[in-house]
Structure formats: C-alpha cells, structure tokens
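> Heads up, the sequence shown is in the working numbering, so the first residue is 2 and it goes up one at a time.
Dropping the structure in here first, questions after.
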Amino acid sequence: MRVARKNLERAGLLSRVDIRHGDARATLEKMVGANEAPYDLVFIDADKPSYPVYLDYAMKLTRPGSLILADNVIRDGKVARDGQTDPLVLGIQEFNRKLAANPKLETILITLLREALDASRLHG
C-alpha cells in the first residue's frame with residue numbers, strides 16, 4: 002500500500018484515488034451493498050486463489066467499457082498445464098475460465114518478460 006500511495010503521489014493523482022485497506026472480500030461486499038457508482042478501471046493484484054471471486058465483484062462494480070486488469074494470470078505458463086495442484090495456479094485457471102466464458106468480456110492476456118522490463122528501466 003505504501004508503494005501505491007507513493008507512486009500516486011508522485012504522479013499527482015493521490016487526491017483522485019480512494020485507497021482502501023483491509024479484507025478485500027469484505028470491502029468489496031460493502032461497496033456492492035452500498036451501490037457505489039461504477040468504476041472505469043479495476044486492477045486485481047491480490048491473493049491468486051480468490052481471483053475468480055474478485056472478478057465477480059469487478060463485474061458488479063463496473064459498466065460496459067470499463068477496464069479490468071489482473072496481474073500474474075499466466076503464472077510462468079503453469080495455467081496452461083493440466084493436473085496442477087498449486088492453489089495459486091488453480092485460482093488463476095478458474096479466473097481465466099470465467100473470463101473466457103463470459104460473453105460480456107473481451108479478454109487479452111499479455112506476457113511481460115521480467116528481463117524486458119528490467120532493460121526498459123535502464124534505458125527509459
């Protein structure tokens with residue numbers, strides 16, 4: 002949370018962002034229960050086994066045209082392999098199945114190689 006706050010402050014956007022800290026499921030349930038206005042962007046980067054649940058909440062808290070971003074949805078290619086037992090991989094597999102099965106969503110998965118990211122930081 003400190004990193005996010007610092008980056009938002011550095012970008013001059015902290016006053017436009019509401020940072021909520023706590024149990025994500027409880028916070029999201031309160032947001033849905035309060036009929037909060039829809040969000041234009043949702044970023045999911047949390048406990049991987051709960052990604053399918055977070056997607057359900059994101060669908061309730063967005064409108065057509067909103068962007069839902071999720072980090073770590075490829076898991077080094079493990080999500081493409083059957084027979085996985087790792088709860089992190091299983092959660093992401095279910096998340097990806099839900100993405101693919103939902104006709105309201107257009108889904109794009111992008112792989113970012115850590116080496117490319119590290120190189121861009123050196124040159125950018």
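By construction, the Cβ of each residue, glycine as well, lies at the ideal position given by its N, Cα and C atoms.
Which runs of the alpha helix (DSSP H) fall wholly inside the stretch 42–73 and span at least 4 residues, in chain order?
52–61
> Under 8 angstroms, with one C-beta from each stretch per pair, do the stretch 67–86 and the stretch 15–33 reach the 3-pair mark?
no
> Does the distance from the C-beta atom of residue 92 to that of residue 52 stay below 8 angstroms?
Taking the first residue of the sequence shown as position 1, residue 92 is located at position 91. Taking the first residue of the sequence shown as position 1, residue 52 is located at position 51. It is a contact, given that the beta carbons lie within the stated cut-off.
> Just to confirm, are residue 98 and residue 89 a CB contact at a threshold of 8 angstroms?
Here residue 98 corresponds to residue number 97 of the sequence shown, with the count starting at 1. Here residue 89 corresponds to residue number 88 of the sequence shown, with the count starting at 1. Against a cut-off of 8 angstroms, the Cβ pair of residue 89 and residue 98 comes out as no contact.
> If you compare alpha carbons, which of 23, 63, 24 is closest to residue 42?
Reading the sequence shown from its first residue, position 41 is the one you call residue 42. It is 63.
> Return the chain-ordered list of same chain residues with a C-beta closer than 8 angstroms to the C-beta of residue 46, the five sequence neighbours on each side being excluded.
What you label residue 46 is simply residue 45 of the sequence shown in a count that begins at 1. So the qualifying residues of the chain are 71, 72, 73.
> Measuring only the C-alpha atoms, how far is residue 38 from residue 109?
Within the sequence shown, the letter at position 37 stands for residue 38. Within the sequence shown, the letter at position 108 stands for residue 109. Between residue 38 and residue 109, the C-alpha separation is close to 25 angstroms.
> Applying the criterion that 16 or more other CB atoms from any shown protein chain within 10 Å of the CB defines a buried residue, is residue 80 buried or exposed?
If you number the sequence shown from 1, residue 80 lands on position 79. Residue 80 is buried by the Cβ-count criterion.
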